[in-house]
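See structure below.
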Amino acid sequence: MSEPYKAPEPHVHAFRGVLALAQRLRYLMDDRLRGDGLTTQQAALLTVVDALGEPSLKEAAAVLGSTHQNVAQLVASLERKGMLQIATDPADRRRRRLVTTAANTEYWRERNIGDHAAVATWFSGLSSDELETLCGLLDRVLADVKQADVK
Numbered sequence: 010m011s012e013p014y015k016a017p018e019p020h021v022h023a024f025r026g027v028l029a030l031a032q033r034l035r036y037l038m039d040d041r042l043r044g045d046g047l048t049t050q051q052a053a054l055l056t057v058v059d060a061l062g063e064p065s066l067k068e069a070a071a072v073l074g075s076t077h078q079n080v081a082q083l084v085a086s087l088e089r090k091g092m093l094q095i096a097t098d099p100a101d102r103r104r105r106r107l108v109t110t111a112a113n114t115e116y117w118r119e120r121n122i123g124d125h126a127a128v129a130t131w132f133s134g135l136s137s138d139e140l141e142t143l144c145g146l147l148d149r150v151l152a153d154v155k156q157a158d159v160k
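Count along the sequence shown starting at 1, add 9, and that's the number in the working numbering.
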């Protein structure tokens, strides 16, 4: 079977390979989350909100590399599920902040062990040194791509 992502130019091969991997990993995680009515994108938003500590919708969208409109749809869905709230910013009452709920925290506390184990199996073909190298390379490429966005 041919591998359509391969290309003679290393940079094109890398781009296609990362894209193919990202799509496959998203599919696998979506499959794990589907039974609970969640998507990988929703989980990513919840992760970003927790990591940033009450970001605005605009800030969350920037980190996710998504549009305001797409993130607003994710927020609305997660609000209905009771996993996310929109709070008024005490410093500027016109601004709204995203806040995860106690129900969200409890949900992930119960899920994380299984999900983290599944992710570990997806990368089990790599040694710990190779994983560390992969993470370093991905961080560098992400930083370069973010820098290119600024220009």
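Cβ atoms here follow ideal geometry from the backbone N, Cα and C, with glycine treated the same way.
Quick caveat: nothing in here was measured; it's all calculated off a predicted structure.
I'd like to check one pair, residue j with residue i: are the Cβ atoms closer than 8 Å?
i, j, result
"R105", "I95", "yes"
"L196", "H77", "Outside the shown range of the chain (10 to 160) lies residue 196, about which nothing can therefore be said."
"L34", "W131", "yes"
"Q51", "L107", "no"
"L47", "N113", "no"
"L146", "L135", "no"
Quick check on residue i: does DSSP put it in helix, strand or coil?
i, result
"L93", "strand"
"L162", "The question about residue 162 has no answer, for the chain in this structure spans 10 to 160."
Closer than 8 Å by C-beta to residue i: which residues in its own chain qualify, once you throw out the five before and the five after it? Chain order, please.
i, result
"L61", "E68, A69, V72"
"A53", "L73"
"T97", "R104, R105, R106"
"R25", "P13, Y14, K15, A16"
Considering only heavy atoms of the ligand NAP, does any lie closer than 7 Å to the CB of residue i?
i, result
"E12", "Absence of the ligand NAP is noted for the structure shown, with no ligands found whatsoever."
Among the options, which residue has its Cα nearest to the Cα of residue i?
i, options, result
"K90", "T110, R25, L143", "T110"
"V161", "V58, D138, R43", "Shown here, the chain extends from 10 to 160; a query on residue 161 therefore has no answer."
"E63", "A100, E119, D138", "A100"
"G44", "D158, R120, R149, V128", "R120"
With a threshold of 7 Å on Cβ separation, who are the neighbours of residue i within its own chain once the five nearest residues in sequence on each side are excluded?
i, result
"D124", "R41"
Whose C-beta lies closer than 6 Å to the C-beta of residue i among residues of the same chain, with five residues either side of it excluded?
i, result
"M38", "T49"
Item to check | Within the segment 21-87, ranges of the alpha helix (DSSP H) (whole runs, at least 4 residues) | outcome: 49-61, 66-73
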